[in-house]
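For the sequence shown, the numbering used here assigns the number 642 to the initial residue and increments by one for each residue that follows.
Virtual Cβ for every residue (Gly too), placed ideally from N, Cα, C.
In this text the structure is predicted, and so the values were computed from the model without any measurement.
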Amino acid sequence: MKVLVTGATSMIGDFLLPILVQAGYEVIATSRKPHASQPGVSWIVADLNSQGWISDMEEVDCWVNFASLAYVPKLLPDAAQKLKLKRMIAFGSTSMFTKTDARGEQDRGLAISLSENEKLIEKICEEKGVHWTILRPTLIYHLGRDKNITLIDEKIRQFSIFPLVGSGEGLRQPVHAEDLALACVKLLESGEGLNRTYNLSGGEVLSYRSMVARLFEKRGMKPRFIHIPLWLLRSIIYLLRVFPRYRYLTADMADRMQRDMVFSYDDASRDFGFSPRKFTP
642 MKVLVTGATS MIGDFLLPIL VQAGYEVIAT SRKPHASQPG VSWIVADLNS QGWISDMEEV
702 DCWVNFASLA YVPKLLPDAA QKLKLKRMIA FGSTSMFTKT DARGEQDRGL AISLSENEKL
762 IEKICEEKGV HWTILRPTLI YHLGRDKNIT LIDEKIRQFS IFPLVGSGEG LRQPVHAEDL
822 ALACVKLLES GEGLNRTYNL SGGEVLSYRS MVARLFEKRG MKPRFIHIPL WLLRSIIYLL
882 RVFPRYRYLT ADMADRMQRD MVFSYDDASR DFGFSPRKFT P
């Protein structure tokens, strides 16, 4: 089976590509810049804002997308026709649910975009006769590569203390990037999950405070927290956004520290054996 992977340089792609190669799949991976050769993987330079690169490709059986969901509806009609695509596996996010009532336009806009693009993907796939699966992970982590857990770990290393709004009892289910890669492979091998959406959460429910405490413990440090008012943490995030590497942060992140963001993965476990690990930073 030949598999196209877009967003292949993502943290999930780090794990998926070698797993696919080892399992005997023929892999075509895209990158915006030239990529070093890799055994079993054919790399192509592709700008997902453009459709031209699709014309130069051979037929593929399945397309797995880790890039922004917004790219998919624009590329899907050409991909279905020119690549003779049989299956699409696209990654969205549970942010579609958790950010609908955000104060900031950035987060609300993301939730709306995720929802609208899911509907478009389903519609186009049905029109073109392509089987689709949309996966919605919770908080993805791969220490050193993700933007959330890694940022918390960096601040613990720098300051040996971490700010909490209130008690930090909002519940979380961090999911490891490798478990998401394994979910893709299980979908391919089982042939299950056709024309369905799945929430993919981690194998452990823990409070925000406990999640951060585990990062302290990983460093051999005693957890130390400072409790600060919401307005102050929102201000800190606002100041951090001055730096380009922190532009993805939003003040709504502070608001969500006290909210539960837990999703069942029972459907994925039943249909294709999804079995995520406990939170292991």
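Distance, residue j Cα to residue i Cα
{"i": "serine 696", "j": "threonine 741", "result": "37 Å"}
{"i": "glutamate 700", "j": "lysine 760", "result": "25 Å"}
{"i": "glycine 914", "j": "alanine 822", "result": "13 Å"}
{"i": "lysine 796", "j": "glutamine 747", "result": "24 Å"}
{"i": "valine 686", "j": "leucine 751", "result": "27 Å"}
{"i": "valine 806", "j": "valine 883", "result": "22 Å"}
{"i": "glycine 832", "j": "lysine 727", "result": "12 Å"}
{"i": "serine 734", "j": "isoleucine 867", "result": "30 Å"}
{"i": "aspartate 912", "j": "glutamate 767", "result": "21 Å"}
{"i": "methionine 698", "j": "isoleucine 730", "result": "19 Å"}
{"i": "lysine 919", "j": "histidine 817", "result": "9 Å"}
{"i": "leucine 812", "j": "leucine 724", "result": "42 Å"}
Three-way DSSP call (helix, strand, coil) for residue i in this model
{"i": "glutamate 810", "result": "coil"}
{"i": "serine 651", "result": "coil"}
{"i": "proline 718", "result": "helix"}
{"i": "leucine 805", "result": "strand"}
{"i": "glutamine 799", "result": "helix"}
{"i": "threonine 671", "result": "strand"}
{"i": "arginine 911", "result": "helix"}
{"i": "serine 758", "result": "According to the sequence provided, residue 758 is asparagine. The question's serine does not apply to it. Asparagine 758: helix per DSSP, three-state reduction."}
{"i": "phenylalanine 707", "result": "coil"}
{"i": "methionine 642", "result": "coil"}
{"i": "threonine 791", "result": "helix"}
{"i": "glutamine 663", "result": "helix"}
{"i": "glutamine 747", "result": "helix"}
{"i": "methionine 898", "result": "helix"}
Outcome for residue i when other beta-carbon atoms lying within 10 angstroms are tallied against a minimum of 16
{"i": "tyrosine 782", "result": "buried"}
{"i": "serine 678", "result": "exposed"}
{"i": "phenylalanine 656", "result": "buried"}
{"i": "glycine 861", "result": "exposed"}
{"i": "glycine 809", "result": "buried"}
{"i": "leucine 856", "result": "buried"}
{"i": "asparagine 706", "result": "buried"}
Any C-beta of chain B under 8 Å from that of residue i
{"i": "leucine 847", "result": "Here chain B cannot be found, since the structure has a single protein chain."}
The ligand GDP heavy atom lying under 7 Å from the CB of residue i
{"i": "glycine 785", "result": "Judged by which ligands are present, the structure shown has none, so any question about the ligand GDP falls away."}
Discussion item. I'd like to know if the stretch 659-675 and the stretch 714-721 are in contact, where contact means that at least 3 CB-CB pairs between them fall below 8 Å.
Written reply: no
Worksheet entry | Segment contact, 8 Å Cβ cut-off, at least three pairs: the stretch 784-791 with the stretch 758-772 | no
Discussion item. For the stretch 898-917 against the stretch 825-843, do three or more pairs of beta-carbon atoms, one drawn from each stretch, fall closer than 8 Å, so that the two count as touching?
Written reply: yes
Item to complete: Jot down the residue ranges of each uninterrupted beta strand (DSSP E) in the stretch 836-862, minimum 3 residues, whole runs only, in chain order.
Response: 837-841
Discussion item. For the structure I just gave you, are there three or more beta carbon pairs, one from the stretch 884-896 and one from the stretch 847-865, closer than 8 Å?
Written reply: no
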